[in-house]
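K.L.:
Chains as they are written, first to last, in UniProt numbering: chain A, 1 to 125; chain B, 1 to 662.
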């Protein structure tokens, strides 16, 4: 299946980080990560995927830089706020997933201790 | 209860502690003599006793007797032992008159006294500003602009084990949600097409959503409103003072564009050289606005360029009076507009070249094109579905319908519709039936049909306050809105009720000057004399098309038009008849004699009138005398008959006079 079907935007600015023959030991998990991200991106309706670290630096993204930076900054704060809200209500609870549905698309954020996986999808109507 | 009273505390100032042997002491109680004992020569033996409280008071009085010769003697004080004067034992019977209370609630307050005050602080001005997140967070050794360094950093992160684990885990959660989204749309609208228009049983209502106040110190009236053509999120309001030469010194000439979400501060200020009387968005290009100034010039703005005027017409070629109507025309270029003013001219402009108008029409209904005879225009109407025709409402109360494409200027004026007693402040065609139009002037609102030129086909009753503006609802053909000088907004629905407004709302205490309905028919903006623009939302019943409404509206219009036509025809007939008679009888009458004739006619009519009355009265009296039994009864009947007689005679008399005048 063609990898770039649904983006139609400028191609990934970051070069593929598939490891070369110099680092064979780390090849497998890296390949899995790649495969996962590519699979996510290829789902129907997905507009963009990005991985952002705790400091707001985009690690992987399929959108252009300025958009990525904007999403990274804004969603980071929102996720932190949502997380603290959930924990304030019940300290034993924790945020697992955040979904923001807007008129045009749905923004899904999966938070982790250090990273954020953000996917923007256009839900089929 | 034991009470031990000591001599010392007896309170009597003349306590004689004289060792006089003849001292007598008596105790007394009010109302009763207690046991007095007189101790003669010996130690006085007072037996104080206390009578049980007769009236609830316990007065202990110590009475002593002193010889007259001993008055004025020097006091010799001496000490002595305390003596028990009175010992009152407790009386258990008294206890039965009381009930023990345990516990007893007593409020004790031992705190500082405080008072409560309320204070309202001045309105806090807030502004929302966004902050753009520029790339950051990069560690110090990485320069974000250097592609190599960032790539290197990213690669490093991707090799981190944590990263891998995190992504795998997050990836699976994410996939689940994505697939969920793809599988089913949880916000799907079912039964979208089947929303039947049910008859709204609820009462018509309207509520105020927002109020936009003129931020200037010196308040000006909001004279014109215009909705933004796309999305209707913005409102342009023109502010000016329409009192002739009474604009206060220092009044600002700014007009504003408001964003509906932010009533605290206008989004953009438009700064003309003279206050704007009218303001309109260009329906084709929402950044361009057209304004008519108080000094007769036409000004044009581009909101992308800022608040200063982009184009201004030259003052020599502009109007001589305030421009009361400006409308954009439907043209391919989207730059054409026309304006009307009370100086009697209607001018067409192209905003690319504002130095002079492309065309000028003088509103002289005698078709002689004399500016002196021209009627001042106060409202302008243009419907894009009828691009060659336009209508002008004048100060003299006449609506002039014109054809733009006529060959000669004189032919431009097609017909006139007289009928109002005062300036026509609003003029609008019905969006569904363009042949019918609504006008507002003096104290009524009238609906006209182009076919009936002598009078309006429907009109409201005379109100107590002057009507200032009116507008049709863009959604319902039978609903229109009017504003009045007493600050009331009336909503009329003549499918439902023809005599009175369906809803009458007092929007503010000062006069309302203008009104504009948004294209969806739900929101109404009205501007007042103090520059306050109020945004109202009407209930859905008034803004959704009812079943059958179009048929009802068209049939109503047709019916009324037909009625007027019949009346007109009848009037014409009667006039012709009278003219025929008059010509036959008085062929030699000149104009001067017509005036004298008038008086003669009036006196003749009066005579006839009174003759009829008296004849009727006499007849009734004669009848009454014949009947006799109840002499009082005929009088109310007489009055009635007299009234009817009066009316009948009056009508006849008036008709005669009228027809001769016509």
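Positions of the beta carbon are idealized from the N, C-alpha and C atoms, including for glycine. What you are looking at is a predicted structure, and each value in this text was computed from that prediction instead of being measured.
1. Who are residue 326/B's beta bridge partners in DSSP?
2. Beta strand (DSSP E) containing residue 436/B: first to last residue?
3. Mind checking residue 615/B: buried by the 16 CB within 10 Å criterion, or exposed?
4. What residue range is occupied by the uninterrupted alpha helix (DSSP H) comprising residue 171/B?
5. Beta-carbon of residue 91/A versus every beta-carbon of chain B: anything under 8 angstroms?
6. Between residue 154/B and chain A, is any beta-carbon pair separated by less than 8 angstroms?
7. Return helix, strand or coil for residue 142/B, following the three-state DSSP convention.
8. Along the region 43-67 of chain A, where does the CB come closer than 7 angstroms to a CB of chain B? Name the residues.
9. State the CB to CB distance for the pair residue 68/A and residue 50/A, rounded to an integer number of angstroms; the pair is presumed to be in contact (CB under 8 angstroms).
10. I want to see whether chain B comes within less than 8 angstroms of residue 5/A, judged by CB atoms only; does it?
11. State the DSSP-derived secondary structure class of residue 93/A, mapped to helix, strand or coil.
12. For residue 46/A, count neighbouring C-beta atoms within 10 Å of its own C-beta (all shown protein chains included) and say buried if the count is 16 or more, exposed if not.
13. Quick one: is residue 224/B buried, meaning 16 or more other Cβ sit within 10 Å of its Cβ, or exposed?
14. What whole-angstrom Cβ distance do residue 344/B and residue 278/B have, given they're in contact under 8 angstroms?
15. Please identify the residue among 160/B, 234/B, 548/B, 436/B whose C-alpha is closest to the C-alpha of residue 261/B.
16. Going along chain B, which residues have a C-beta under 8 angstroms from residue 112/A?
17. Would you grab the beta carbon distance between residue 40/A and residue 171/B for me? Rounded to a whole angstrom, and I think it's under 8 angstroms.
18. Which residues of chain B have a Cβ atom closer than 7 angstroms to the Cβ of residue 119/A, listed in chain order?
19. Against chain B, does residue 33/A count as a neighbour if the rule is that its beta carbon must be under 8 angstroms from one of theirs?
20. When you compare the CB of residue 41/A with every CB in chain B, is at least one pair closer than 8 angstroms?
21. Can you pull the chain A neighbours of residue 138/B, defined as C-beta to C-beta under 7 angstroms?
22. Would you be able to state if there are at least three C-beta pairs under 8 angstroms between the region 150-169 of chain B and the region 95-109 of chain A?
23. Exposed or buried, residue 553/B, counting other C-beta atoms within 10 Å across all chains shown (16 or more means buried)?
24. With three or more C-beta pairs closer than 8 angstroms as the rule, is the region 227-242 of chain B touching the region 541-560 of chain B?
25. What residues of chain D sit near residue 96/A, judged by a beta carbon separation below 9 angstroms?
26. Would you say residue 79/A lies against chain B (beta-carbon separation less than 8 angstroms)?
27. Where does residue 36/A sit, in a helix, a strand or coil, going by DSSP?
28. Please report how far the alpha carbon of residue 122/A lies from the alpha carbon of residue 104/A, in whole angstroms.
29. Look at residue 270/B and residue 337/B and say whether their C-beta atoms are less than 8 angstroms apart.
30. Would you tell me roughly how many angstroms separate the C-alpha atoms of residue 76/B and residue 89/B, rounded to the nearest one?
31. Should residue 119/B go down as buried or exposed, given a rule of 16 or more other Cβ atoms within 10 Å for buried?
32. So if DSSP puts residue 293/B in a beta bridge, which residue, or which two residues, is it bridged to?
33. Where in the region 511-583 of chain B do unbroken runs of the beta strand (DSSP E), each at least 3 residues long, occur, reported from the N-terminal end onward?
34. State yes or no: is the beta carbon of residue 10/A nearer than 8 angstroms to at least one beta carbon in chain B?
35. Of the choices 72/A, 61/A, 112/A, 82/A, whose alpha-carbon is the least far from that of residue 34/A?
P.N.:
Concretely, from the data shown:
1. Residue 326/B is bridged by DSSP to 339/B.
2. 436-441
3. exposed
4. 161-183
5. no
6. yes
7. coil
8. 43, 44, 45, 46, 51, 53, 55, 56, 57, 59
9. 5 angstroms
10. Summary for residue 5/A: the model assigns pLDDT 47, below 50, so the residue's position carries little reliability, and this model does not support an answer.
11. coil
12. buried
13. buried
14. Wrong, their Cβ atoms sit about 17 angstroms apart, outside the cutoff.
15. 234/B
16. 166, 169, 170
17. 6 angstroms
18. 174, 178
19. It does; some Cβ of chain B falls within 8 angstroms.
20. no
21. 57
22. no
23. buried
24. no
25. The chain inventory of the structure shown lacks chain D, comprising the protein chains A and B.
26. no
27. It is helical.
28. 7 angstroms
29. no
30. The C-alpha of residue 76/B lies about 35 angstroms from the C-alpha of residue 89/B.
31. Looking at its Cβ environment, which holds fewer than 16 other Cβ atoms inside 10 Å, residue 119/B is exposed.
32. 276/B
33. The qualifying runs are 512-517, 523-528, 533-538.
34. Interpretation of residue 10/A is limited by its pLDDT of 47, a score under 50 that renders its predicted location unreliable; the figure taken from the coordinates is listed afterwards. Not one chain B Cβ lies under 8 angstroms of residue 10/A.
35. In terms of Cα proximity to residue 34/A, the closest of 72/A, 61/A, 112/A, 82/A is 61/A.
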